[in-house]
Every structure is written in C-alpha cells, then in structure tokens.
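*Asks:* Quick one: the structure is below, and I'll ask about it shortly.
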Amino acid sequence: MKPFAAALASLMLMVVSAPAQTPYTDLGRLISSREYRYGYAYAPAMIRDGGTVHMLFCSYGRPGIWDHIRYARSDDGGRTWSVPAVAMAGTDETGERAACDPSLVRYQAPADAHPYWYLFYSGNPLNVGTAIFLARGDAIEGPYAKWTRRGTWETDAADPAVVIAPARSHPDDTGFYGAGQTSVVLRREGLGLWYTDDSGCGTPCARIFEARSRDPTRWPPASPTNVAGASSVDVKRDSERGGYAMIEIVAPHTGTSVLALRRSRDGRGWSAPTTLCGEGCFDRFAHNVGIAGSPAGELARGPALVVYGAPSDRDPACGSCWGKWDLFGGLATLPP
104 MKPFAAALAS
114 LMLMVVSAPA
124 QTPYTDLGRL
134 ISSREYRYGY
144 AYAPAMIRDG
154 GTVHMLFCSY
164 GRPGIWDHIR
174 YARSDDGGRT
184 WSVPAVAMAG
194 TDETGERAAC
204 DPSLVRYQAP
214 ADAHPYWYLF
224 YSGNPLNVGT
234 AIFLARGDAI
244 EGPYAKWTRR
254 GTWETDAADP
264 AVVIAPARSH
274 PDDTGFYGAG
284 QTSVVLRREG
294 LGLWYTDDSG
304 CGTPCARIFE
314 ARSRDPTRWP
324 PASPTNVAGA
334 SSVDVKRDSE
344 RGGYAMIEIV
354 APHTGTSVLA
364 LRRSRDGRGW
374 SAPTTLCGEG
384 CFDRFAHNVG
394 IAGSPAGELA
404 RGPALVVYGA
414 PSDRDPACGS
424 CWGKWDLFGG
434 LATLPP
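Count the sequence shown with our numbering and you get residues 104 to 439, in order.
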C-alpha cells in the first residue's frame, strides 16, 4: 500500500501543480504608431479569412481632418503585421471631420448586384457629436466609396451622409461623445449593429444600442440593451455556443482597465461581464477593443484574437499619454 499511496500523492501533487489554462495570452505590441509616424493607432476591426487576418484601425488624418482609417494584414495569426496604408481618408471638414472606429461585414444588400465590404465608421459633424457613416468597397484594403447626402456612392466624397445620428446633438466641447464605435454582423434577415450613445439624457450616460436593417443606408430607431456605462465593446456572432459574444474593456482609459466577456441570445439582453484578463494581466488605460471574426462577423473556433489601443510605452501611471496610443493584442479563450 505504501508504494501506491506514494504514487497517488505524487500524482495529486502533479495535478495541483500543473499550470491552469489561462483565458488570455498577451501578444504585446502589434502596431507601433511611432515607427510609422502617424501619431496614434487604436479602434481595430479585424476579419479572419483563411490564414490571413485583415485589420482596419483609426490613425491620425491631416490638418482639418482628425482621423483616417488604415489597413494592415497578418499571415501568422496576428503576431506580425504589414506596413499600414490608408484604406479610407476623412474628406469633409465640417460634416464628417474624421474617419475612425471602423467595423465591416461582407454583405449583399437587396439592391446590390454583388456583395460588398460594408464599412461603418465614426465621424464628428460640427456641433452634433460623434455620428455613424457608411462606405463600401470590393476589397478590404480599399478603396471605399462613401454613401453621400445625395444618395450616391463616391470615393473621397465631399458630402458623406450620416446613417445613424446621436439621440441628441450637442455643441462641440460639451463633454458628450455622441453615437459611434459600431459593431456589425450578418444576421439571417440582414444586418445587426451595436453602437454606443451617451447623448440621450441630461448628462453623458453611455449605453449600448442595437439596430437591425436589410438596407445598410437606412436604419430604424435602435433598441437600448441592458449594457449601460459601457463605451468600448465589440460584438460577434457565436454559432458554436449560440447567440452573440461581446468583448468589453471595463473601465477604459483608466488605471483599472480589464478585459471581459458578455453573452446574449438575442443581442439585446446581455449577461453580466466575466473577466478574461483582469488587473495585473491587462493593459492599464486600454480602450477601443476589437475581436477577429469571419467576413460575416462570426467568431472562429479556438482562441480569439483581441486587439485594442493602449499607451505606447505601457506606462502604468499613464502620465501625459492621451493620444499616444499603439495597438496591443492577445489571444482570448472564451468560456461558455
């Protein structure tokens, strides 16, 4: 009995000592804004197509335009990336002022002769706040034609049209964000879209809204979800487990940022957040998260590629880091 007891004790020690499966593996810095001299990088949208990951993200624009959207690709699962190039520029200095916070899906609308890459993005019309605009293209890397106020699709349009406005417009410099940071997926009956809006009450109060449409250019009033106080999420369909998965940075832009997961059956009622990477694991002052999905917005099997903006030097105190952001990432194992 003694040899058996000793062997059993040894086996138990091995089981207890074995490292637990971690839900998050840090990949470090993925895109350096300083290396490519465009000021900052954040707000990624990623499409996994075969062995390639395509990424659009927000970066500095030009005088008069705050942001352009850049493109990069990875052929090794997100560890190394090509030199970024502008996929779509901001073009309207008053009615748009920015092209940022991209989200895209492959979709053939009822009036389309063939599928397009539909790109939803945030702009900031003068004295309105952040609003959602729309473009489409035949290739992820661009060029993209914008939906205009004249009802046309034009590359470098001078009058891009707002497709979803904030609940209320507010003058500049009032502290309100508006409506933006979209996530879009292909649903059975068309498109599903989620976005943040903080303008619907007397003081900024962020809430995630959900909308559905078959026509990307026309959206009925959105429905509020039960996710309040959140402003940094990305949503994907999860057919393997059913319903939808929401990746959220809880307390973005703060020294206590953590990465969390919510789940939903219908896209409107969401679970409480489950921490994937907490304090001591996740970057402080992180924000604007994206998670890789298929061209239809579907999660792939296995660990999910998660990318987000964070201070370029990963300064734990942040200091004067506002706007000095690079793209960082990791692989997240999503629990049921």
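Backbone N, C-alpha and C define an ideal beta-carbon position, used for all residues, glycine too.
In terms of alpha-carbon separation, which member of 293, 367 and 354 lies closest to residue 328?
*Replies:* Checked all of 293, 367 and 354; the closest Cα to residue 328 is 367.
*Asks:* Using CA coordinates, which residue listed in 136, 337 and 398 is at the minimum distance from residue 153?
*Replies:* Out of 136, 337 and 398, 398 has the C-alpha closest to the C-alpha of residue 153.
*Asks:* Under the rule that 16 or more other beta-carbon atoms within 10 Å means buried, what is residue 230, buried or exposed?
*Replies:* Under this definition residue 230 is an exposed residue.
*Asks:* Residue 66 and residue 195 look like a contact to me (Cβ under 8 Å); what is the Cβ gap, rounded to whole Å?
*Replies:* Residue 66 lies beyond the range of the chain shown here (104 to 439); nothing can be said about it.
*Asks:* Looking at C-alpha atoms only, which residue of 386, 227, 208 and 372 is the closest neighbour of residue 355?
*Replies:* Among 386, 227, 208 and 372, the Cα nearest to that of residue 355 belongs to 386.
*Asks:* Name, in chain order, the residues that DSSP records as bridge partners for residue 128.
*Replies:* According to DSSP, residue 128 bridges with 434.
*Asks:* Should the segment 248 to 264 be called in touch with the segment 291 to 310, which here means at least 3 C-beta pairs below 8 Å?
*Replies:* No, they do not touch.
*Asks:* Starting from residue 138 and walking both ways along the beta strand (DSSP E), at which residues does that stretch end?
*Replies:* No beta strand (DSSP E) holds residue 138; the alpha helix (DSSP H) holding it covers 136 to 139.
*Asks:* Would you report the Cα separation of residue 69 and residue 193, rounded to the nearest angstrom?
*Replies:* Residue 69 lies beyond the range of the chain shown here (104 to 439); nothing can be said about it.
*Asks:* Please report the straight-line C-alpha distance between residue 184 and residue 428, rounded to a whole angstrom.
*Replies:* The straight-line gap from Cα to Cα measures roughly 17 Å.
*Asks:* So for residue 289, helix, strand or coil by DSSP?
*Replies:* In this structure, residue 289 counts as strand in the three-state DSSP scheme.
*Asks:* Leaving out five residues on either side along the sequence, give the residues of the same chain with a beta carbon under 6 Å from the beta carbon of residue 149.
*Replies:* The answer, listed in chain order, is 156, 158, 393 and 395.
*Asks:* Are there 16 or more other CB atoms within 10 angstroms of the CB of residue 390, so buried, or fewer, so exposed?
*Replies:* Buried: at least 16 other Cβ atoms inside 10 Å.
*Asks:* Helix, strand or coil, according to DSSP, for residue 243 in the structure here?
*Replies:* Reduced to three states, the DSSP call for residue 243 is coil.
*Asks:* For residue 427, which of helix, strand or coil comes out of DSSP?
*Replies:* In the structure shown, residue 427 sits in coil (DSSP, three-state: anything other than H, G, I, E or B).
*Asks:* Quickly, what does DSSP pair residue 401 with across the bridge? List them, please.
*Replies:* Residue 401 pairs with 340.
*Asks:* Leaving aside the five residues before and after residue 279 along the sequence, list all residues of the same chain whose C-beta is less than 7 Å from its C-beta, in chain order.
*Replies:* Hits under 7 Å: 232, 273, 301, 302 and 307.
*Asks:* Check for me: the beta strand (DSSP E) holding residue 143 runs from which residue to which?
*Replies:* No beta strand (DSSP E) holds residue 143; DSSP gives it neither H nor E.
*Asks:* Give me whichever residues DSSP pairs with residue 367 in a beta bridge.
*Replies:* DSSP lists 347 and 373 as partners of residue 367.
*Asks:* Could you confirm whether any beta carbon from chain B is found closer than 8 Å to the beta carbon of residue 255?
*Replies:* Although the question refers to chain B, the structure presented lacks it and comprises just one protein chain.
*Asks:* Specify the secondary structure class of residue 226 as computed by DSSP and reduced to three states.
*Replies:* Three-state DSSP puts residue 226 in a strand.
*Asks:* Classify residue 376 as buried or exposed, calling it buried when 16 or more other Cβ atoms lie within 10 Å of its own Cβ.
*Replies:* Per the 10 Å Cβ criterion, buried.
*Asks:* Compute the beta-carbon to beta-carbon distance between residue 380 and residue 127, rounded to the nearest angstrom, for a pair I have assumed lies under 8 Å.
*Replies:* Yes, they are in contact, since the Cβ atoms of residue 380 and residue 127 sit about 4 Å apart, within 8 Å.
*Asks:* So, with DSSP's three-state summary, where would you put residue 419?
*Replies:* Residue 419: coil per DSSP, three-state reduction.
*Asks:* With 16 other CB atoms within 10 Å as the buried threshold, where does residue 260 fall?
*Replies:* By the neighbour-count rule (16 or more Cβ atoms within 10 Å), residue 260 is buried.
*Asks:* To the nearest angstrom, report how far apart residue 138 and residue 342 are at their CA atoms.
*Replies:* Those two C-alpha atoms are separated by around 39 Å.
*Asks:* When DSSP labels each residue in this structure, what does residue 356 get in the three-state scheme?
*Replies:* Residue state, collapsed to three classes: coil.
*Asks:* Under 8 Å, with one C-beta from each stretch per pair, do the segment 237 to 244 and the segment 280 to 288 reach the 3-pair mark?
*Replies:* Contact between the segment 237 to 244 and the segment 280 to 288 is absent, because fewer than three Cβ pairs lie under 8 Å.
*Asks:* Rounded to whole angstroms, what is the Cα-Cα separation between residue 270 and residue 330?
*Replies:* Each residue's alpha carbon lies about 17 Å from the other.
*Asks:* Could you check what DSSP says for residue 298 in three-state terms: helix, strand or coil?
*Replies:* Strand, per DSSP.
*Asks:* Is residue 204 closer than 8 Å to residue 224 when the C-beta atoms are compared?
*Replies:* Contact: yes.
*Asks:* As a quick exercise: from 174, 161, 167 and 294, pick the residue whose alpha carbon is nearest that of residue 319.
*Replies:* The shortest Cα separation from residue 319 among 174, 161, 167 and 294 belongs to 294.
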